[in-house]
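Enquirer: Below you'll find the structure I mean.
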Amino acid sequence: MIRSLDTVSHQFNLLQTKQENLSTNIANVNTSGYKYQELIQSTTETFQFGNNLNGPLLNQLNPIEGLNFGNQIDTAYRNLSQGGLKGTNSTNDFALMGDAFFTVQMPNGGQAVTRNGNFTVDATGNLTTQEGYLVLGRNQAGQISTIPAGSVPFTVDQTGNVNATGVRFLLTDNVDAENLQSIGDTLFSYQAEMTTDDDTLVLQKYLETSNVDMTDHMVQMMQLTREFEANQKILHASDETLSKAVNEIGKV
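Counting from 4, one number per residue, gives the positions in the sequence shown under this note's numbering.
Here it is, written out as structure tokens:
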């Protein structure tokens, strides 16, 4: 009986984690370049139980059965499927058509990647993310550089070349979702070797919309609600049975 309470408690924690994940995805449905996170669950380890035969000193067990205590979150990863395209009037907005990511420079000197092309221009005329991180490119000498966006007009072709500067957007390819570490909602550090991409299209005055499917997420949320209700009934039934057992034992 106590094991049933442990199982239900474990399941409640699991459902809460799934609900929080869905809520985060739904909250970012309008965030440019957002990639929703999926949780993969698995069955918990199976424990073997048995009874002692002819007393514990004989050290002989009669196996009963294997029991587990429900499911657990095995891993979480980002779904990197392409989002939709939304036109804007800003020359600082960019969307990618393909698998690559924009590359940005972090304050510690490292690099991170993002699909959120809602950029701005800093006081020195360089293209940055809304958080102030420099967007990176590569010059004609093959060296990593900033993206000069202070020129008038600031235009970028679909291969990522910035007009009259010799600088091209540095796009990171071969990004595996399992190696992404979130730094906020749309920025990621990458725990593997990065490669550059020449095939992804760069679209100026466009933004990539979130790839969150609201209908699918709302259906999942309703399913979670039903699972919560079912587990509440199990908890109530277990509590009543345990209470009855305690009271009856007390009368013996």
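Positions of the beta carbon are idealized from the N, C-alpha and C atoms, including for glycine.
Spell out the partners DSSP gives Ile256 in its beta bridges.
Expert: In the structure as shown, the chain starts at 4 and stops at 255, and residue 256 therefore has no counterpart that could be examined.
Enquirer: Hey, could you find the ends of the beta strand (DSSP E) Ser192 is sitting in?
Expert: Reading the sequence shown from its first residue, position 189 is the one you call residue 192. Looking at the DSSP string, the run of the beta strand (DSSP E) that includes Ser192 is Leu190 to Tyr193.
Enquirer: Looking only at its chain, what residues have a beta carbon closer than 8 Å to the beta carbon of Thr20, apart from the 5 residues adjacent to it on each side?
Expert: Taking the sequence shown and counting its residues from 1, one reaches residue 20 at position 17. If we look at Thr20 and ignore the five residues flanking it on each side, its Cβ neighbours are Leu42 and Ile76.
Enquirer: Could you spell out the range, first to last residue, of the beta strand (DSSP E) harbouring Arg118?
Expert: Here residue 118 refers to the residue found at position 115 of the sequence shown. Looking at the DSSP string, Arg118 is not in any beta strand (DSSP E), and its letter there is neither H nor E.
Enquirer: Please state whether DSSP places Phe105 in a helix, a strand or coil.
Expert: Locating residue 105 in the sequence shown gives position 102, where the first residue counts as 1. Of the three classes helix, strand and coil, the one that applies to Phe105 here is strand, per DSSP.
Enquirer: Where Glu232 and Asn16 are concerned, what is the direct C-alpha to C-alpha distance, given to the nearest angstrom?
Expert: Locating residue 232 in the sequence shown gives position 229, counting from the first residue. Locating residue 16 in the sequence shown gives position 13, counting from the first residue. About 14 Å.
Enquirer: Please state whether the Cβ-Cβ distance between Val107 and Gly140 is less than 8 Å.
Expert: Along the sequence shown, read from residue 1 onward, the residue named residue 107 stands at position 104. Along the sequence shown, read from residue 1 onward, the residue named residue 140 stands at position 137. Result no, Cβ atoms of Val107 and Gly140 do not sit closer than 8 Å.
Enquirer: Can you tell me whether Lys38 is buried or exposed? The criterion is at least 16 other CB atoms within 10 Å of its CB, across all chains shown.
Expert: Numbered from its first residue, the sequence shown carries residue 38 at position 35. Answer is buried; the Cβ neighbour count reaches 16.
Enquirer: Below 6 Å CB to CB, which residues in the same chain sit around Leu173 once its five sequence neighbours on both sides are set aside?
Expert: As a first step, residue 173 must be located in the sequence shown, where it is residue number 170. For Leu173, where only same-chain residues beyond five positions count, the Cβ hits under 6 Å are Thr106, Leu139, Gly140 and Arg141.
Enquirer: What is the rounded straight-line gap between the Cα of Thr199 and the Cα of Gly113?
Expert: The residue given as residue 199 occupies position 196 in the sequence shown. The residue given as residue 113 occupies position 110 in the sequence shown. Straight-line Cα distance between these residues: approximately 16 Å.
Enquirer: If you run the structure through DSSP and keep just helix, strand and coil, what is Ser93?
Expert: Here residue 93 refers to the residue found at position 90 of the sequence shown. Residue state, collapsed to three classes: coil.
Enquirer: Run through DSSP, which three-state label would Met4 get?
Expert: Mapped onto the sequence shown, residue 4 falls at position 1. Since pLDDT at Met4 reaches only 48, below the 50 mark, its modelled position is unreliable, and the value read off the structure follows with that caveat. Here Met4 sits in coil by DSSP.
Enquirer: Considering Tyr209, what are the terminal residues of the beta strand (DSSP E) in which it resides?
Expert: Working through the sequence shown from its first residue, we reach residue 209 at position 206. Segment Tyr209 to Glu211, the beta strand (DSSP E) holding Tyr209.
Enquirer: Suppose the cutoff is 6 Å on Cβ atoms and the five residues either side in sequence are ignored; what does the same chain contact list for Asn119 look like?
Expert: Here residue 119 corresponds to residue number 116 of the sequence shown, with the count starting at 1. Excluding residues within five positions, the ones whose Cβ falls inside 6 Å are Ser35, Gly36 and Thr189.
Enquirer: With DSSP as the reference, identify every bridge partner of Ala79, one or two as the case may be.
Expert: Within the sequence shown, numbered from 1, the residue matching residue 79 stands at position 76. DSSP output for Ala79 lists Leu42 as bridge partner(s).
Enquirer: Determine the burial state of Asn121: buried for a count of at least 16 other Cβ atoms within 10 Å of its Cβ, exposed for fewer.
Expert: As a first step, residue 121 must be located in the sequence shown, where it is residue number 118. Classification of Asn121: buried, given that the 10 Å Cβ count is 16 or more.
Enquirer: Does the Cβ of Pro156 have 16 or more other Cβ atoms within 10 Å, making it buried, or fewer, making it exposed?
Expert: Numbered from its first residue, the sequence shown carries residue 156 at position 153. Looking at its Cβ environment, which holds fewer than 16 other Cβ atoms inside 10 Å, Pro156 is exposed.
Enquirer: According to the Cβ coordinates, are Ser192 and Ala79 closer than 8 Å?
Expert: As a working note, residue 192 is residue 189 in the sequence shown. As a working note, residue 79 is residue 76 in the sequence shown. No, the pair does not count as a contact, with Cβ atoms beyond the cut-off.
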